[in-house]
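2 protein chains.
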Amino acid sequence: MNPKLRDVAEHAGVSVRTVSNVVNGFRYVAPATRQRVQASIDALGYRPNLAARTLRQGRTGLVALVIPEIDSPYFAELAARTVRVAGARGLTVLIDQTDGDAEREKELLHGKRSQLVDGVLFSPWAVAPAELAARTDPVPLVLLGEHDGTAGVDHVAIDNVAAAREATAHLLASGRRRVAALGIQPRSLNATARQRLAGYRQALAEAGLPAEPELEVPVGRLHRADGHAAMLRLLDAGAPPDAVFCFTDELALGALRAAADRGVAVPESVALVGFDDIEDGRYSVPALTTVSPDKDGIAELALDRLARQAAEPAPPRSIVAPHHLEVRETS
Amino acid sequence: MNPKLRDVAEHAGVSVRTVSNVVNGFRYVAPATRQRVQASIDALGYRPNLAARTLRQGRTGLVALVIPEIDSPYFAELAARTVRVAGARGLTVLIDQTDGDAEREKELLHGKRSQLVDGVLFSPWAVAPAELAARTDPVPLVLLGEHDGTAGVDHVAIDNVAAAREATAHLLASGRRRVAALGIQPRSLNATARQRLAGYRQALAEAGLPAEPELEVPVGRLHRADGHAAMLRLLDAGAPPDAVFCFTDELALGALRAAADRGVAVPESVALVGFDDIEDGRYSVPALTTVSPDKDGIAELALDRLARQAAEPAPPRSIVAPHHLEVRETS
DNA sequence: ACGCCAGTTTGCAACGTGGCATGCCACGTT
DNA sequence: AACGTGGCATGCCACGTTGCAAACTGGCGT
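Given below as structure tokens:
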């Protein structure tokens, strides 16, 4: 059994309470006592029991990060940064993977981790706005990534519409005229794809170009395989595009691979822009032009909001994190 | 405040203990009682307090996964699988990121999460075998990935030496004669690189080729950037290799990019083999030949060992997970 | 009628910690 | 000499849960 306060107290010849005071850095402990107690702590290898502490003070020091997939590079990078930022604030991150499953998301939203964490950072995929509104769980929640019916919930995201518009405008500025949008999600409740599509259309409109349905390409999910398949279809169809705005870097990398499969030169014949600025895109051949969201910023802002909510009930806010267009070789 | 057992008990008109019995599926509860209690639970939205439960039973249902970096694709994929496998067993995974920092690893090894988790899956990077042997923390520990001085600790890994030998032999079998090994870590305590080097040398020896020092290429870390830089050096040096065995896929993807930068055709002029079978390698151009470790198997086996250790003290074992060579386009 | 048993329910205690209020002491002030 | 004050140490209790063992119930065999 691990040593407890009591053991340390006996060893040091003081009361349990005094040991507790030392452990918690309470002000009024005589230096000599403190030293003696500390020596006993070290000698016995005492470590506070987190369960007991949690039970007593009602806080766990844990934050849940709920994401569709850890092994999707964007989320992996976001998770890595979140863990780092949280660590600097004395918080530990618990990662929950939903696989984009609506049931799983619902569970987590309605308090599956309720008693275990002090806050939830939630990157929704399939969950409906109504579900969010119906939430009764008192644990602070911050949404990551865009969401439409901002149903009275904090959220942190970059301006997806503006970012998509910039990306598309960048392609148009280089003289491309048949710019496809790859990543439409017809049946998904996910707002991200919708907003990126909106930005794409805005850019076309601003350039005086009509939106052409056959250039708005749907996909199943947002992985390399989906980008690969969709790009093959696009290239094999009658009138291929001269540029493609992919809604994620993974899609773009799949598309890049598809271009290679068909012997289509990138960026000469088809330019590509991705979204997310994942590490892979820097080393692909050619390197991927992409929208780069400030992931550190997102993590910081989200944890700020959680802390604020934990301190006192605060009116929900939508917070916009910075982004920029990272121009590389595919455009 | 959340409702507690007591509130449910009052609502249902039974004792606290009976509610607890219902919650825990205790056998001897009359169907009628169970139903009534369940109704009260639902009505009040009761959820067990995990801190109290943990305090009482001494188990948390948490497992720590300690890895250098979440956003390194191999670890991301391993983490994703571990979370899934653990979830199926009713366990929650807590991810700790060490950034390969020896201090951080030491902390975690010596019980930083001691009171918070039931077990630790530890993928060491910088920590010395002596450190492992000196461990006194009673929490079950399983090492992931190879480690030399198996200092009385369970570990689960593929056979790195054999895998590296196969990869190198595969390159030699296609007629390559100047096969470089990219990923040596001169100053690292990390055993993985050492073992992969050993396998590489074995394969050379079996083919009757001498080990040439200038073909054994050191790197700082194992990322794309390191592979990129090392490959540039290799290509720019006097006698470039006709094949490169990279100790990780990330290194290989960086190397692939470097080959493109120098206009060197892959696999015509230089063949490449990686290690880890990360998703990116399937969609790179050309697609990466790689050693594919059974990541699901590793996660399963590691959690098996943790469970075994938790049940009773067991003599440490080294468990070998399967792997295979996945031949694609770079070789 | 009695005891026994399987089935069902219950009260008590304890897990290890921190909040609270209070006690104690030495010292300086009135 | 009595008093107040600030510094320090302590005991008691509650946080919400479950293990333990006892207690109650009704049916059944003797």
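These protein sequence lines are chains Y and Z, in that order.
Going by the working numbering, the final residue of the first sequence carries number 331, and the count climbs one at a time with no gaps.
Going by the working numbering, the final residue of the second sequence carries number 1331, and the count climbs one at a time with no gaps.
Even for Gly, the Cβ is constructed at its ideal location relative to N, Cα and C.
The structure presented is a predicted model; accordingly, all values stated were derived computationally and were not measured.
Mind listing the chain Y neighbours of Z:Pro1048? Cutoff is C-beta to C-beta under 8 Å, in chain order. Residues of chain Y passing the Cβ test: Gln115.
Quick check: is the beta carbon of Z:Asp1118 nearer than 8 Å to any beta carbon in chain Y? No, Z:Asp1118 lies away from the interface with chain Y (no Cβ there is under 8 Å from its Cβ).
Please specify which runs of the alpha helix (DSSP H), each continuous and at least 4 residues long, are wholly inside the segment 1021 to 1066 of chain Z, giving them in chain order. The segment 1021 to 1066 of chain Z contains these whole alpha helix (DSSP H) runs: 1031 to 1044, 1050 to 1057.
Look up Y:Leu141 in the DSSP assignment and give the residues it is bridged to. Paired residues: Y:Val120.
Would you list, in sequence order, the uninterrupted alpha helix (DSSP H) runs of no fewer than 4 residues that lie entirely inside the segment 257 to 288 of chain Y? Counting only runs of at least 4 residues, the segment 257 to 288 of chain Y fully encloses the following alpha helix (DSSP H) elements, listed from N- to C-terminal order: 280 to 283.
CA-to-CA distance, Z:Ser1331 to Y:Glu300, given in whole angstroms: Straight-line spacing of the CA atoms in Y:Glu300 and Z:Ser1331 works out to 44 Å.
What residue from Z:Leu1215, Z:Gly1183, Z:Val1120 has the CA that sits closest to Z:Asp1304's CA? Distance check between Z:Asp1304 and each of Z:Leu1215, Z:Gly1183, Z:Val1120 places Z:Val1120 closest, using alpha-carbon atoms only.
Any Cβ of chain Z within less than 8 Å of the Cβ of Y:His228? Y:His228 counts as touching chain Z.
Where the alpha helix (DSSP H) containing Z:Ile1298 begins and where it ends: DSSP places Z:Ile1298 inside the alpha helix (DSSP H), whose first and last residues are 1295 to 1311.
Rank Z:Asp1096, Z:Glu1206, Z:Trp1125, Z:Asp1101 by C-alpha distance to the C-alpha of Z:His1117 and give the top, closest one. It should be noted that the sequence gives Val, not His, for residue 1117 of chain Z. With respect to the C-alpha of Z:Val1117, the residue from Z:Asp1096, Z:Glu1206, Z:Trp1125, Z:Asp1101 having the closest C-alpha is Z:Asp1096.
Using the beta-carbon of each residue, which ones in chain Z are nearer than 7 Å to Y:Val83? Neighbours of Y:Val83 on chain Z, chain order: Ile1070, Ile1095, Gln1097.
Enclosing beta strand (DSSP E) for Z:Thr1082 [first to last residue]: Where Z:Thr1082 is concerned, there is no enclosing beta strand (DSSP E), although the alpha helix (DSSP H) it sits in stretches over 1073 to 1088.
To which residues of the same chain is Z:Ala1193 closer than 7 Å at the C-beta, ignoring the five residues directly before and after it? Excluding sequence neighbours, Z:Ala1193 sits near Gly1183, Ile1184, Gln1185, Phe1247.
Counting Cβ pairs, one atom from each stretch, are 3 or more of them under 8 Å apart for the segment 1101 to 1115 of chain Z and the segment 33 to 49 of chain Y? Verdict: yes, contact present.
What's the C-alpha gap between Y:Asp137 and Z:Glu1166? Looking at the two C-alpha atoms, the distance is approximately 54 Å.
Beta-carbon of Y:Glu55 versus every beta-carbon of chain Z: anything under 8 Å? Checking the sequence, you will find Leu at residue 55 of chain Y rather than Glu. Interface criterion met: the Cβ of Y:Leu55 is under 8 Å from a Cβ in chain Z.
Interface residues of chain Z facing Y:Ala260 [CB-CB closer than 7 Å]: Residues of chain Z passing the Cβ test: Val1285.
Assess contact between the segment 286 to 300 of chain Y and the segment 312 to 323 of chain Y, defined as three or more Cβ pairs (one per stretch) separated by less than 8 Å. Is contact present? As far as the Cβ criterion goes, the segment 286 to 300 of chain Y touches the segment 312 to 323 of chain Y, which means the pair count is three or higher.
Compare the Cα-Cα distances from Z:Val1085 to each of Z:Ile1070, Z:Leu1065, Z:Pro1073, Z:Phe1245 and report the closest residue. For Z:Val1085, the closest C-alpha among the options Z:Ile1070, Z:Leu1065, Z:Pro1073, Z:Phe1245 is that of Z:Leu1065.
In the DSSP assignment, find the unbroken alpha helix (DSSP H) run with Z:Pro1359 in it and report its ends. In the structure as shown, chain Z starts at 1001 and stops at 1331, and residue 1359 of chain Z therefore has no counterpart that could be examined.
To the nearest angstrom, how far is it from the Cα of Y:Ala12 to the Cα of Y:Ser40? A direct Cα-Cα distance of roughly 6 Å separates Y:Ala12 from Y:Ser40.
Hey, how far is the Cα of Z:Asp1101 from the Cα of Z:Trp1125? Going by the C-alpha atoms only, they are around 8 Å apart.
Does chain Y have any CB closer than 8 Å to the CB of Z:Gly1111? Yes, Z:Gly1111 counts as interfacial toward chain Y.
In angstroms with no decimal places, state the Cα-to-Cα distance between Z:Ala1030 and Z:Leu1094. C-alpha separation (whole angstroms): 38 Å.
Could you pull out every residue in the same chain whose Cβ sits closer than 6 Å to the Cβ of Z:Ser1123, ignoring the five residues on either side in sequence? These residues qualify, in order along the chain: Ile1067, Leu1144, Gly1145.
Chain-ordered neighbours of Y:Ala102 on chain Z, where CB pairs are closer than 9 Å: Those do not exist, as Y:Ala102 stays about 16 Å from chain Z at its closest Cβ, beyond 9 Å.
Step through the CB atoms of chain Y and report whether any lies within less than 8 Å of the CB of Z:Glu1077. Yes, because at least one Cβ of chain Y sits closer than 8 Å to the Cβ of Z:Glu1077.
Alpha carbon to alpha carbon, how far is Z:Met1001 from Y:Gln57? Give it in angstroms, no decimals. Cα to Cα, the separation comes out at about 13 Å.
Using beta-carbon positions only, say whether Z:Ala1076 and Y:Ala76 come within less than 8 Å of one another. Less than 8 Å divides the Cβ of Z:Ala1076 from the Cβ of Y:Ala76.
State the start and end residues of the unbroken beta strand (DSSP E) segment that holds Z:Glu1326. Counting along the chain, the beta strand (DSSP E) containing Z:Glu1326 begins and ends at 1323 to 1326.
For Z:Gln1202, write down the residues that DSSP places opposite it in a beta bridge. In the DSSP output, where bridge partners are listed per residue, Z:Gln1202 has none listed.
Taking only three categories from DSSP, how would you classify Y:Thr248? DSSP, reduced to helix, strand and coil, places Y:Thr248 outside both helices and strands of the structure shown, so it counts as coil.
For Z:Ala1163, count neighbouring C-beta atoms within 10 Å of its own C-beta (all shown protein chains included) and say buried if the count is 16 or more, exposed if not. By the beta-carbon neighbour count (other beta carbons within 10 angstroms, threshold 16), Z:Ala1163 is buried.
What are the boundary residues of the beta strand (DSSP E) that Y:His155 is part of? Counted as a single uninterrupted DSSP element, the beta strand (DSSP E) harbouring Y:His155 occupies residues 154 to 158.
Counting only beta-carbon separations shorter than 8 Å, does Z:Arg1178 have a partner in chain Y? So, not an interface residue.
Using beta-carbon positions only, say whether Y:Val16 and Y:Val37 come within less than 8 Å of one another. Against a cut-off of 8 Å, the Cβ pair of Y:Val37 and Y:Val16 comes out as no contact.
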